[in-house]
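Here is the structure we will look at, set down as C-alpha cells.
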Ligand SMILES: C[S@@+](CC[C@H](N)C(=O)[O-])C[C@H]1O[C@@H](n2cnc3c(N)ncnc32)[C@H](O)[C@@H]1O
C-alpha cells in the first residue's frame with residue numbers, strides 16, 4: 039500500500055471512529071508508580087475516551103523538559119506529560135489526524151486549569167511524522183531520551199499483510215521487525231535500544247484475520263534510547279544509586295534487565311556507563327570508573343522476554359488494549375466506505 043493511501047486510511051478511520059471511541063486511558067499497572075495513576079485520573083473524559091495506545095509509558099524526572107509526543111492522538115499522554123514537565127517545561131503533540139489535533143486543542147484549557155497553570159505549556163500540530171523537519175523543532179540535546187512505544191513484529195511481514203487496510207488501521211502493517219530498530223536509530227546518533235516494557239498486542243477479530251496474518255507475531259514494546267553526540271564509549275564502572283529520585287527512593291529501573299537498588303553497587307560496562315553519565319539521571323548515581331572488563335547482557339528481544347516471563351511463572355503483563363468484538367466492529371465499520 040502506498041504511503042498516501044495508508045495516511046488517507048488512518049485519517050479517515052479516526053474521523054469516523056473518534057465520536058464512538060469509548061476506551062479508557064490506562065497505565066500499565068505492573069510497573070508504573072502510583073503518582074502516574076493519580077495524574078492520569080485527572081485527564082479530561084474526552085481525552086481518556088479517545089485513548090488508542092498500547093501502553094502509557096511515563097518517563098522519569100522530566101520536570102522542565104521539552105517533550106515531543108509523536109502520534110499524540112486524543113492527548114491522554116501529552117496532558118500527563120504537560121503536568122509532569124511543569125510550567126517551565128513544554129510539550130508538543132503531533133498527529134496526522136486533524137480531528138485528534140482539534141480535540142487536543144479544545145481540551146488544553148481544561149488541563150491548564152486542572153494543573154493550575156496560568157498559560158498553556160503545550161501545543162498540538164497536525165502533521166505527518168515524516169515532515170517533522172518542516173516544523174523546525176529544537177534538536178535533541180546530548181543525553182536526551184527517545185522512548186519508542188510501538189508495535190513490533192518478529193519477522194518481516196509479507197506484502198499482502200502490509201496491504202491489508204484493516205491491519206494498517208490496527209497499526210500492524212507499519213510494524214517494524216524488533217531487531218531493525220537498533221540499526222535505524224543508530225544512524226541518527228542514538229544509543230542501543232533498552233527494552234523497558236513488553237506486552238502481548240490486542241486480540242485480532244476473527245479466525246480469518248488471524249490466518250491472514252500468516253504466522254507473523256506482534257508485540258507492544260517500549261524502548262529507551264539516549265542521544266549520543268558523538269558516539270559514546272568509555273571504561274566500565276561501579277555504580278551506586280543514591281535514592282535521591284523522589285518518586286522512587288528505593289530503586290531505579292533502567293530496563294527489563296537492570297534495576298538499581300539504593301546503595302547497592304553494580305558493575306556496568308563502559309558503553310552503558312558513558313550513557314548513564316550523560317543522562318539527566320547522572321545526579322542520582324555515584325559512578326566510579328573500574329578497570330575490570332564488564333559485559334551486561336541485555337534482553338532487547340521482546341518476544342524472548344515475554345517467553346521467559348511465561349516460562350518462569352513471573353507476573354505477566356496484561357495486554358493493555360483488549361480488542362473485543364465491539365471494538366473490532368468499530369474499527370472495521372470506520373473504514374468500510376474507503377476500501
Ligand atoms: C495507536 S494511536 C496512539 C494514539 C495515542 N498516542 C494514544 O496513546 O492514545 C497512533 C496515532 O498515530 C497517529 N499517526 C499514524 N500515522 C502517523 C503519521 N505518519 N504521522 C503522525 N501521526 C500518525 C494516528 O493518527 C494515531 O492518532
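Numbering (my numbering), first residue to last: 39 to 377.
Virtual Cβ for every residue (Gly too), placed ideally from N, Cα, C.
The structure presented is a predicted model; accordingly, all values stated were derived computationally and were not measured.
First through last residue of the alpha helix (DSSP H) which encompasses residue i
i	result
residue 100	No alpha helix (DSSP H) holds residue 100; DSSP gives it neither H nor E.
residue 120	114-123
residue 371	363-373
residue 312	308-316
residue 141	136-153
residue 378	Within the shown structure, residues of the chain are numbered from 39 to 377, placing residue 378 beyond reach of any answer.
residue 85	83-87
residue 248	245-250
residue 74	72-78
residue 350	340-350
residue 53	41-55
Beta-carbon gap between residue i and residue j smaller than 8 angstroms
i	j	result
residue 208	residue 95	no
residue 163	residue 129	no
residue 167	residue 190	no
residue 114	residue 153	no
residue 135	residue 73	no
residue 270	residue 307	no
residue 112	residue 78	no
residue 305	residue 324	no
residue 279	residue 299	yes
residue 97	residue 185	yes
residue 301	residue 337	no
residue 85	residue 117	yes
residue 192	residue 322	no
residue 213	residue 355	no
residue 281	residue 311	no
residue 288	residue 262	no
Nearest-angstrom Cβ-Cβ length linking residue i and residue j, presumed shorter than 8 angstroms
i	j	result
residue 137	residue 39	With a Cβ gap of about 22 angstroms, residue 137 and residue 39 do not count as contacting.
residue 123	residue 102	7 angstroms
residue 197	residue 276	Actually they do not touch by this definition, with Cβ atoms about 50 angstroms apart.
residue 257	residue 344	7 angstroms
residue 87	residue 59	6 angstroms
residue 211	residue 44	7 angstroms
residue 203	residue 47	6 angstroms
Endpoints, the beta strand (DSSP E) within which residue i is located
i	result
residue 259	256-264
residue 164	160-164
residue 38	There is simply no residue 38 to check, as the chain begins at 39 and stops at 377 in what is shown.
residue 279	275-279
residue 291	289-293
residue 236	232-238
residue 128	128-133
residue 296	296-299
Proximity test, residue i beta-carbon vs ligand 3 heavy atom, cut-off 7 angstroms
i	result
residue 114	By its list of ligands, the structure shown excludes ligand 3, since it contains just ligand 1.
Query raised in the report: Okay, do the region 368-375 and the region 264-275 touch, 3+ Cβ pairs below 8 angstroms being the bar?
Result: Too few Cβ pairs lie closer than 8 angstroms, so no.
Query - Contact the region 171-188 vs the region 147-160: 3+ CB pairs below 8 angstroms - result: Touching, no, given that fewer than three Cβ pairs across the two stretches are closer than 8 angstroms.
Query raised in the report: For the region 56-66 against the region 221-233, are there 3 or more C-beta pairs whose distance is under 8 angstroms?
Result: Pairwise C-beta distances place the region 56-66 out of contact with the region 221-233, as fewer than three of them are shorter than 8 angstroms.
**Report entry** Cβ contact check for the region 107-118 and the region 310-324: 3 or more pairs under 8 angstroms
**Finding:** Taking 8 angstroms as the limit for Cβ pairs, the verdict is that the region 310-324 does not touch the region 107-118.
Query raised in the report: What are the start and end residues of each continuous alpha helix (DSSP H) run of 4 or more residues lying completely inside the region 188-221, in chain order?
Result: DSSP runs (the alpha helix (DSSP H)) wholly in the region 188-221: 197-200 and 203-207.
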